[in-house]
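Contents: one structure, followed by commentary.
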Amino acid sequence: MKKTAIILFFLITALSCSDNQQKLLPASSGNINNISVVTNDELWEGAVGEVIRENFGRPIYGLPQIEPIFSLSHIPSKVFSGFATKSRTILKIDVSENEGVFNFKNTYASPQRIIQITANSPDKIIKIINENLNSIYSTMYFNEIQEKQRRISKNLNKTQAIKKNTGVSLKFPSAYRVAKVDSNFVWIRRDIETGSVNLFIHRQTNLTEQSIIEKRDSISKIYIPGPVENTHMSTDLIYTPNTQQINVGGKQVFETRGLWEIEGQFMAGPFLNFQIKLGDDDFIMLDGFVYSPGSTKREYIFELEAIMRSLKD
Numbered sequence: 000m001k002k003t004a005i006i007l008f009f010l011i012t013a014l015s016c017s018d019n020q021q022k023l024l025p026a027s028s029g030n031i032n033n034i035s036v037v038t039n040d041e042l043w044e045g046a047v048g049e050v051i052r053e054n055f056g057r058p059i060y061g062l063p064q065i066e067p068i069f070s071l072s073h074i075p076s077k078v079f080s081g082f083a084t085k086s087r088t089i090l091k092i093d094v095s096e097n098e099g100v101f102n103f104k105n106t107y108a109s110p111q112r113i114i115q116i117t118a119n120s121p122d123k124i125i126k127i128i129n130e131n132l133n134s135i136y137s138t139m140y141f142n143e144i145q146e147k148q149r150r151i152s153k154n155l156n157k158t159q160a161i162k163k164n165t166g167v168s169l170k171f172p173s174a175y176r177v178a179k180v181d182s183n184f185v186w187i188r189r190d191i192e193t194g195s196v197n198l199f200i201h202r203q204t205n206l207t208e209q210s211i212i213e214k215r216d217s218i219s220k221i222y223i224p225g226p227v228e229n230t231h232m233s234t235d236l237i238y239t240p241n242t243q244q245i246n247v248g249g250k251q252v253f254e255t256r257g258l259w260e261i262e263g264q265f266m267a268g269p270f271l272n273f274q275i276k277l278g279d280d281d282f283i284m285l286d287g288f289v290y291s292p293g294s295t296k297r298e299y300i301f302e303l304e305a306i307m308r309s310l311k312d
């Protein structure tokens, strides 16, 4: 009995120390989708840096302007100390005999993710990056999604309109307001200085991958009017929408990215559409779209994606 009590004491003490260490970590820093790349100047300015920029700084599909997936900030290895170590998402590249990809969580700050790639030559580093590209990208991307959702959760809109009319719930900021409600339909929007950020939710049947754009446009014709009579939002088919299958919370989802327009009007922008299967012939369509002429739109679409990924039925 005494031995058990001693073991229990040390176990509780160890857990307490771990919790205290976590609490003592400073808050991480950095804008959403900003990745700190820690490596020496020679690697950054050479072929390794080119591979990093080509893959993690490539343009996002479905935006009217060229905007990168991540904003990359180079930090030379020799100055990686102090405040620089507090970045939330870090890609660390080193020449070392210890070859591989290593993940570290909350090392210098919290929340924080460090992906370290090491090999004994630049060519081998490039080989490791190419072989592990999808997992490296996913780790960084979903680290940013989680951070965006964490920030959103600090001040949520408490409306029950979405749950009441569509049977699902979403976590979205209080800055959004309910713009329109109908049977199986809710439109929420956030007014910004240059326009608006929007999301509609529609529960429906008879959806297929091939019918996404047709259904999207039919809903928009009913519920998303243009600035003058007899105009409405529709999909810009000149810029081909891109659809791929993804997984969101264990559910099969068709994700479509593209551009919308209002015919005859100088109004257009990007959209992100999720078609989510809830059951047999039971679907939810989430459609986020942004109107913000003259400004960058990556962060608005990313915010909509973070909201859409919070769906619960």
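Per numbering that gives the first Met the number 0: the sequence shown = residues 0 to 312.
Heads up, the beta-carbon is just placed ideally off N, CA and C, and yes, glycines get one too.
Start and end residues, alpha helix (DSSP H) containing residue i
i, result
"Met-307", "297–307"
"Val-196", "Where Val-196 is concerned, there is no enclosing alpha helix (DSSP H), although the beta strand (DSSP E) it sits in stretches over 194–203."
"Arg-52", "46–55"
"Leu-132", "132–151"
Residue nearest to residue i in terms of C-alpha spacing, selected from the options
i, options, result
"Gly-81", "Tyr-107, Lys-91, Glu-49", "Tyr-107"
"Gln-243", "Asn-272, Leu-236, Met-266", "Asn-272"
"Ile-306", "Val-185, Ser-168, Asp-181, Thr-255", "Ser-168"
"Lys-53", "Thr-207, Pro-240, Leu-132, Glu-208", "The residue you asked about is not Lys; residue 53 is Glu in the sequence shown. Checking every option, the nearest Cα to that of Glu-53 belongs to Leu-132."
"Gly-249", "Val-196, Lys-311, Arg-87", "Lys-311"
"Val-252", "Ile-237, Glu-208, Phe-265", "Glu-208"
"Glu-262", "Pro-240, Gly-287, Lys-220, Lys-276", "Lys-220"
"Ile-51", "Trp-186, Asn-129, Phe-141", "Asn-129"
"Ser-28", "Val-227, Val-247, Thr-239, Pro-110", "Pro-110"
"Arg-188", "Ile-161, Lys-91, Thr-88, Ile-135", "Ile-161"
"Ile-34", "Ser-86, Ser-76, Phe-101, Tyr-238", "Ser-86"
"Asp-216", "Asp-286, Ser-182, Tyr-238", "Asp-286"
Cβ-based neighbour list, residue i, same chain, cut-off 7 Å, excluding 5 preceding and 5 following
i, result
"Asn-156", "Phe-171, Pro-172, Ser-173, Tyr-175"
"Ser-309", "Gln-148, Leu-169, Lys-170"
"Asn-154", "Pro-172, Ser-173"
Distance, residue j Cα to residue i Cα
i, j, result
"Ser-233", "Ile-65", "22 Å"
"Gln-159", "Phe-301", "24 Å"
"Ser-291", "Gly-194", "5 Å"
"Asp-235", "Pro-67", "22 Å"
"Asp-122", "Phe-141", "28 Å"
"Leu-42", "Ile-125", "10 Å"
"Glu-146", "Asn-205", "35 Å"
"Ile-113", "Leu-90", "6 Å"
"Leu-198", "Ser-70", "25 Å"
"Leu-24", "Asn-105", "8 Å"
"Thr-165", "Gly-61", "27 Å"
"Gln-264", "Ile-127", "49 Å"
Neighbourhood of residue i by C-beta, 8 Å cutoff - its chain only, sequence neighbours within 5 removed
i, result
"Pro-63", "Leu-258, Ala-267, Gly-268, Pro-269, Lys-296"
"Gly-45", "Pro-121"
"Asn-32", "Ile-68, Phe-69, Ser-70, Glu-143, Arg-297, Glu-298, Phe-301"
"Pro-58", "Ile-65, Glu-66, Pro-67, Ile-68"
Delimiting residues of the beta strand (DSSP E) encompassing residue i
i, result
"Leu-90", "88–94"
"Gly-99", "99–104"
"Ile-113", "112–118"
"Pro-63", "Here Pro-63 belongs to no beta strand (DSSP E), and DSSP marks it neither H nor E."
"Ala-38", "A small fix is needed here, since residue 38 is Thr in this sequence, not Ala. Its beta strand (DSSP E) spans residues 33–38."
Within-8 Å CB hit, residue i to chain D
i, result
"Tyr-299", "In the structure shown, chain D cannot be found, because there is only a single protein chain."
Same chain, Cβ closer than 6 Å to residue i, five either side skipped, listed in chain order
i, result
"Thr-255", "Ile-211, Pro-240, Thr-242, Asn-272"
"Pro-224", "His-231"
"Gln-115", "Lys-91, Phe-101"
"Asn-229", "none"
Heavy atom of the ligand MG within 7 Å of residue i beta-carbon
i, result
"Phe-199", "As far as ligands go, the structure on display features none, and thus does not contain the ligand MG."
At what residue ranges does the segment 198–237 contain a whole run of the beta strand (DSSP E), taking only runs of 3 or more?
If one requires a minimum length of 3 residues, the beta strand (DSSP E) runs lying completely within the segment 198–237 are 232–234, in chain order.
For a minimum of 3 consecutive residues, which ranges assigned as the beta strand (DSSP E) are wholly contained in the segment 242–272?
DSSP runs (the beta strand (DSSP E)) wholly in the segment 242–272: 250–261.
Which complete alpha helix (DSSP H) runs does the segment 157–183 hold, if anything under 4 residues is left out?
Those alpha helix (DSSP H) runs which fall completely within the segment 157–183 and span 4+ residues are 160–165.
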